[in-house]
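Here is the structure we will look at, set down as C-alpha cells.
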Amino acid sequence: MSIDKTLKAPNGMVRSRNVLKRGERIEQLKIEDRWVEGQSPLGLPKVRVAQAAAGRKKKKKKKEGEEDDDDKK
1 MSIDKTLKAP
11 NGMVRSRNVL
21 KRGERIEQLK
31 IEDRWVEGQS
41 PLGLPKVRVA
51 QAAAGRKKKK
61 KKKEGEEDDD
71 DKK
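UniProt numbering applies: residue 1 is where the sequence shown begins, and numbers increase by one.
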C-alpha cells in the first residue's frame, strides 16, 4: 500500500499551526507591546495567528467588443 503524498513532507511540518504554545504567545505579546514583565503567564490574552492566504488566479479583463464563450452557446 502506498503512502499519501501529504504524509511524505520532506521538510517536516511546513504548514503554520493555529494554536501557539504559552512561550510563543508570550513572545508574540512582547512584539505587540501587550506584555508586562512580572505578569502571570496564566490566563494570557488571545493572540492572532497570521494565516497564509491562498493564491488565486486573476481573471482577465474583457474588452468591450469581446464576448464570453458561455454567451455564444
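Where a beta carbon is used, it is the ideal one built from N, C-alpha and C, also for glycine.
| message | Just checking: is the beta-carbon of K5 within a distance shorter than 8 angstroms of some beta-carbon in chain B? | response | In summary, chain B is missing from the structure at hand, where a single protein chain is found.
| query | Relative to the alpha-carbon of A53, which residue among S16, I26 and G38 has its alpha-carbon at the smallest distance? | reply | Comparing Cα positions, the closest option is S16.
| task | For my contact list, R25 and L44 are in at a C-beta cut-off of 8 angstroms; report their separation, rounded to the angstrom. | result | Confirmed, about 5 angstroms.
| Contact check, V47 vs N18, beta carbons under 8 angstroms | Taking 8 angstroms as the Cβ cut-off, V47 and N18 do not qualify as a contacting pair.
| Roughly how many whole angstroms lie between the Cα atoms of S40 and K21? | If I take the Cα positions, the gap works out to 15 angstroms.
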